[in-house]
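Trainee: Numbering (the working numbering), first residue to last: 26 to 270. This is the structure I want to talk about, given as structure tokens.
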Amino acid sequence: MIGTRVIAYDTVDSTNNVLKSLADSLPSGSVAWATEQTAGRGRFGRYWHSPKGGLWFSVLFKHRTQSFEPHYYVVLFSVAIVRFLKRKFKINAGIKWPNDIYVGTKKLAGILVESVISGKNTVIIVGIGMNVNNEIPPDLKSKAVSLKELLGHDVDLSLVFDGIVSTANVLYLKYMIKDKKKYLVRIWKGYQLLTPGSRLWVRIGDEEEREATLVDITPNALTLDLGGEQRTLFSLEVLRWENTG
26 MIGTRVIAYD
36 TVDSTNNVLK
46 SLADSLPSGS
56 VAWATEQTAG
66 RGRFGRYWHS
76 PKGGLWFSVL
86 FKHRTQSFEP
96 HYYVVLFSVA
106 IVRFLKRKFK
116 INAGIKWPND
126 IYVGTKKLAG
136 ILVESVISGK
146 NTVIIVGIGM
156 NVNNEIPPDL
166 KSKAVSLKEL
176 LGHDVDLSLV
186 FDGIVSTANV
196 LYLKYMIKDK
206 KKYLVRIWKG
216 YQLLTPGSRL
226 WVRIGDEEER
236 EATLVDITPN
246 ALTLDLGGEQ
256 RTLFSLEVLR
266 WENTG
């Protein structure tokens with residue numbers, strides 16, 4: 026179960042790093058939760074602003090085989106976050122591929138999954154960062170939002186943590202343990218902000234920004250029409266999008 030052991034910290038560099046260092050001594054499902062991170066990171070190793078007031082935690086999973094696909098954990102927690110926000114606060118959030126939670130055009134939360142092979146075990150660490158009561162820096166106000174801003178008042182961090190973890194546990198037991206991940210992916214697709222036919226502006230590797238049309242979406246890849254050329258890409262950045270119809 027997720028959260029059977031929770032280790033709380035005041036300040037750390039990164040809760041993902043904490044679990045990496047303690048992975049051998051902790052059971053699967055353990056959580057590291059910090060009041061603030063000094064070196065939180067997101068996709069492509071980018072710095073993630075993680076001050077006091079936000080919710081910053083990571084979850085450890087251990088597997089006996091090396092075949093388990095980490096991207097399903099992004100699916101698990103992104104669906105859990107969106108469902109919790111809707112049920113508890115009536116907030117309609119969506120998932121921006123591959124790992125961000127948006128409300129409208131602003132980012133509320135992000136998920137980072139990392140995997141480490143240790144002998145016959147696969148150690149997967151899922152980091153979750155959510156803007157809750159923290160102030161959004163002026164240079165990010167057009168791109169990010171907090172729960173406090175959305176609701177107009179402070180929110181109990183423990184309530185948000187417990188809600189996400191309990192929702193994730195229900196989904197984990199129903200879809201992940203019983204190997205019904207395809208049904209969880211179907212739910213995940215229903216929350217996607219990007220849908221087939223969406224007009225995207227993307228960056229692929231070091232290339233310049235390009236316009237594309239979304240053909241298909243899976244947890245770990247986008248299939249795009251790039252000016253008549255169809256490509257399935259596993260690593261790219263979606264800079265902007267526009268839905269048709």
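Each residue gets a CB set at the ideal place from its N, CA and C atoms; glycine is no exception.
I'd like to check one pair, S46 with F86: are the Cβ atoms closer than 7 Å?
Mentor: Contact flag unset, no.
Trainee: Roughly how many angstroms separate the alpha carbons of E347 and L225, rounded to a whole number?
Mentor: As displayed, the chain neither begins before 26 nor continues past 270, which places residue 347 out of reach and without an answer.
Trainee: Which same chain residues, not among the five before or five after E139, have their C-beta less than 7 Å away from its C-beta?
Mentor: The residues are N41, I150.
Trainee: Here's a check: name, in chain order, each residue in its chain whose Cβ is nearer than 6 Å to the Cβ of F69, leaving out the five neighbours to either side.
Mentor: Its pLDDT being 46, under 50, F69 is placed unreliably by the model, and the measurement read from it follows with that caveat. So no residue of the chain qualifies.
Trainee: Along the chain, which unbroken stretches of the beta strand (DSSP E) at least 3 residues long are found entirely within the region 182-268?
Mentor: Entirely contained in the region 182-268, the beta strand (DSSP E) runs reaching 3 residues are, in chain order, 224-228, 235-243, 246-251, 254-258, 262-267.
Trainee: To the nearest whole angstrom, what separates the beta carbons of D250 and T238, a pair I think is in contact under 8 Å?
Mentor: The Cβ separation is near 4 Å, so the contact holds.
Trainee: Taking K113 and G188 to be in contact with their CB atoms under 8 Å, please state how far apart those CB atoms are, rounded to whole angstroms.
Mentor: Right, their Cβ atoms sit about 6 Å apart.
Trainee: Would you check if the region 151-170 and the region 119-137 touch, i.e. whether three or more CB-CB distances between them fall below 8 Å?
Mentor: Yes, they touch.
Trainee: Along the chain, where does the alpha helix (DSSP H) that runs through V107 open and close?
Mentor: Note, V107: alpha helix (DSSP H), 96-114.
Trainee: Do A59 and K38 count as a contact pair if the criterion is CB distance below 7 Å?
Mentor: Note that residue 38 corresponds to Asp in the displayed sequence, not to Lys. For D38 and A59, no; Cβs fall outside 7 Å.
Trainee: For E160, which three-state DSSP category applies?
Mentor: It is coil, neither helix nor strand.
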